[in-house]
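For reference, the structure discussed in these notes is given below.
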Amino acid sequence: MWEVNFMFSLMKIKVSGYRMLKDEFEINFISKSRVNSDDEEIIEIDSNLYTFNIMAFTGGNSSGKSTTLELIAKVIELMKTGRWVYRKFDFESDKINLYLEFYKDGYIYKYDSNILPLEDIDSFEIENPYCKIVNEKISKAKYSSNVGKRYNRELNFVETFEQDLKIEDTSKLLFICKDSVTGYNIKPFSNNIRYINNNFFESLNKFNDKLTFSIIQLLDEGIEYINYISRDTIALKRYNKVEKIVTRRELISQLSNGTLKGIELYISIVNLLKTGGAMIIDEIENCFHKNLVNNILFLLTDKTINKNNAQLFFSTHYVEILDVFERRDNIYILHKENNEINIKNLYSDYEIRTELSKSKQFNNNTFNTLLNYVKLMEVRRLIKNEISNSN
C-alpha cells in the first residue's frame with residue numbers, strides 16, 4: 009500500500025483526574041472504519057494497523073477542545089523527555105491516572121502510571137518543577153499483521169522494564185521512547201500575535217526566497233518583495249508603489265495579523281512535511297481564510313508531498329472545514345456537561361446520514377454543539393433592555 013517508515017506511533021491516551029476531563033477520558037488514534045488503498049487521510053503504522061495524518065477536535069464554546077490538545081501535547085512531551093511539568097490546575101483530584109498505548113519498532117506497548125502533584129511549592133522559586141511519576145507499569149507484545157486492531161484481545165502482553173529508576177520526576181518512558189520520538193516533535197505554533205511577531209523573521213529565512221515569497225504573495229498579493237538589507241533594516245516593495253526601507257517593527261505594523269500568522273503557519277507546515285512529526289494547532293481557523301486551511305489539509309493528505317508521515321492535530325469552531333475530511337473516525341466532538349468534559353467519535357458514537365455534509369449536520373445541531381437557544385434569546389432580551397434603558 010504505502011511505504012512504512014513510521015517506527016513510532018501514539019495509539020491511545022486514557023486519563024482520569026486531569027483538569028475537567030471526565031474520568032476514563034479516551035482519545036483513540038487508530039482507525040475505526042474500513043481503510044482503502046487510496047485512502048488519503050491514513051498512515052500505515054504496520055500491516056493492517058493505521059493511524060491518521062489529520063485529526064480534528066470540535067465542539068461548542070468552552071467544550072474542552074484546548075484542554076484535549078494540551079493533553080496530547082503533554083503526553084508526547086512525557087514520552088520525549090520522561091517528565092510532566094507541574095501545573096496546579098492540571099489536577100482535578102489527588103493524582104492523574106494515565107494509560108497509553110503506542111507502537112515502536114514492531115512492538116505494541118501499554119503504559120500505566122500515576123502522576124502526583126507537588127506540595128508546598130513556590131512556582132517562583134523553581135523553574136518548571138516536575139511532577140512525581142509513580143506506579144509505572146509497562147508491558148509489550150510483538151505485533152502481528154493477523155490481529156490488526158484486535159491486538160488487545162489477541163496478543164500476549166508481557167511486563168517489561170521492571171527496574172526502579174529511583175528518579176521520582178522521570179518516567180521510564182524516556183528510556184523506551186527517547187530515540188524514536190526525536191522524529192515526532194510537536195512543532196510550536198501559537199495564535200498569540202506577540203509570539204507570531206517574534207518568530208516571523210526567523211520563519212522567513214528557513215527556505216529559499218522563491219518559496220518564501222510565493223507564500224507571502226499568496227497571503228498578500230500586493231507585496232512584490234521583502235528583502236533584508238541588514239538585521240533590522242528591510243526593503244518592502246508593493247506593486248505600483250515606491251520601495252520603502254523599514255525596520256522590523258515597522259514591517260510588522262504594515263502587515264495584517266492574518267498575513268503574519270498565515271506566513272508562519274505555512275512555513276511551519278513546510279518544515280513539518282520535510283521532517284515528519286506532529287503539529288498541534290488550537291482553533292486553526294483563527295485569522296485564516298477557509299481556503300488556506302483547506303489547502304494545508306490537502307498538503308498533509310497528499311502522499312506525494314507528505315512522505316514523512318507528518319501529522320496535524322487541530323481544533324476548530326469552523327465546521328465547514330470538516331467537509332474536506334473523507335473519513336469520520338478522525339473527527340472528535342467535545343461536550344461539557346455538569347462541569348465534566350466528554351469526548352465522542354463522529355464515526356463510532358453517532359448514527360448519521362452520510363449523504364449529508366458534515367457541516368450541515370453540525371449547523372442543524374445534530375451533535376448538540378450550537379449555543380443554547382433559550383440562553384441566547386435571554387441575552388438578546390437583556391441587551392435590548394439595556395439599550396432601551398440607556399436612552
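Start counting the sequence shown at 9; every next residue gets the next number (the working numbering).
Every residue, glycine too, gets a C-beta built ideally from N, C-alpha and C.
Keep in mind it's a predicted model, so treat the numbers as computed, not measured.
Contact set for residue i: own chain, Cβ-Cβ below 6 Å, skip 5 residues either direction
i      : result
Asp120 : Tyr107 and Lys145
Ile141 : Ser121, Ile123 and Ser179
Asn193 : Since pLDDT at Asn193 reaches only 49, below the 50 mark, its modelled position is unreliable, and no value is offered.
Tyr159 : Ile116
Ser153 : Ser55 and Asn56
Lys350 : Note that residue 350 is Asn in the sequence shown here, rather than Lys. Answer for Asn350: Lys30 and His343, listed in chain order.
Glu251 : Ala243 and Lys245
Asn302 : Val332
Glu11  : Below a pLDDT of 50, predicted positions are generally treated as unreliable, and Glu11, at 35, falls in that range; the measurement from the model is reported next regardless. Closer than 6 Å at Cβ, skipping near neighbours: no residue.
Span of the beta strand (DSSP E), counted from its first residue to its last, around residue i
i      : result
Asn143 : Lys140 to Lys150
Glu32  : Neither: Glu32 is in no beta strand (DSSP E) and is coded neither H nor E.
Ser222 : That residue, Ser222, is in no beta strand (DSSP E); its alpha helix (DSSP H) goes Asp217 to Leu227.
Leu4   : Residue 4 lies beyond the stretch modelled for the chain, which goes from 9 to 399, so this question has no answer here.
Val166 : Val166 to Thr168
Among the options, the one whose alpha carbon lies nearest that of residue i
i      : options                           : result
Asp290 : Asp54, Thr75 and Glu49            : Thr75
Ser101 : Phe37, Met28 and Leu18            : Met28
Glu334 : Leu305, Tyr358 and Thr312         : Leu305
Lys148 : Glu162, Thr168 and Val155         : Thr168
Ile35  : Glu394, Leu342 and Gln369         : Leu342
Ile38  : Asn372, Gln369 and Tyr355         : Tyr355
Lys96  : Val155, Ser41 and Tyr26           : Tyr26
Phe370 : Asn346, Ile339 and Val155         : Ile339
Ser365 : Ile391, Ile329 and Asn376         : Ile329
Phe110 : Lys20, Glu176 and Ser41           : Lys20
Phe375 : Ile391, Asp357 and Met385         : Asp357
Leu300 : Asp310, Lys174, Leu273 and Thr309 : Leu273
Asn346 : Ser71, Thr283, Arg257 and Asn248  : Ser71
Asn248 : Leu263, Glu229, Ser238 and Glu258 : Glu229
Unbroken alpha helix (DSSP H) run spanning residue i, endpoints
i      : result
Glu258 : Arg256 to Gln262
Tyr159 : Tyr159 to Glu162
Tyr274 : Asn265 to Thr283
Val301 : Lys298 to Thr309
Asn235 : No alpha helix (DSSP H) contains Asn235, which is instead part of the beta strand (DSSP E) from Ile231 to Ser238.
Ser367 : Lys366 to Asn371
One or two residues paired with residue i in a DSSP bridge
i      : result
Val93  : Tyr138
Ile288 : Phe321
Glu348 : Glu345
Leu18  : Phe110
Leu57  : Asp54
Asp120 : Tyr107 and Lys145
Val155 : None; Val155 has no bridge partner.
Ser24  : Asn105
Tyr340 : Phe65 and Asn353
Leu244 : Ile234 and Lys252
Tyr115 : Lys112 and Lys150
Phe99  : Tyr26
Thr374 : BP columns for Thr374 are empty, so no partner.
Close Cβ partners of residue i (< 7 Å) along its chain, the five nearest in sequence each way excluded
i      : result
Leu86  : Trp92, Ser179 and Leu181
Phe321 : Met63, Leu77, Ile80, Ala286 and Ile288
Phe99  : Gly25 and Pro125
Val155 : Glu162 and Leu163
Cys139 : Trp92, Tyr94, Ile123, Leu124, Pro125, Leu126 and Asp177
Ser367 : Val327, Glu328, Leu330 and Asp331
Leu219 : none
Met9   : A caution first: Met9 carries a pLDDT of 32, below 50, which makes its placement in the model too unreliable to give a value.
Cβ-based neighbour list, residue i, same chain, cut-off 8 Å, excluding 5 preceding and 5 following
i      : result
Gly114 : Asp54, Lys150 and Tyr151
Asn307 : For the record, residue 307 in the displayed sequence is Leu; it is not Asn. So the qualifying residues of the chain are Ile277, Leu281, Ile313 and Asn314.
Glu394 : none
Arg361 : Gln369
Integer Cβ distance of residue i from residue j, believed to fall under 8 Å
i      : j      : result
Asp337 : Asn353 : 6 Å
Ile234 : Gln225 : Actually they are not in contact, since the Cβ atoms of Ile234 and Gln225 sit about 10 Å apart, beyond 8 Å.
Ile223 : Ile275 : 6 Å
Ile292 : Leu227 : Between Leu227 and Ile292 the Cβ distance is about 15 Å, and since that is not below 8 Å, they are no contact.
Ile84  : Val23  : Incorrect: roughly 14 Å between the Cβ atoms, too far for contact.
Lys73  : Phe60  : No, Lys73 and Phe60 are not in contact; Cβ-Cβ is about 17 Å, not under 8 Å.
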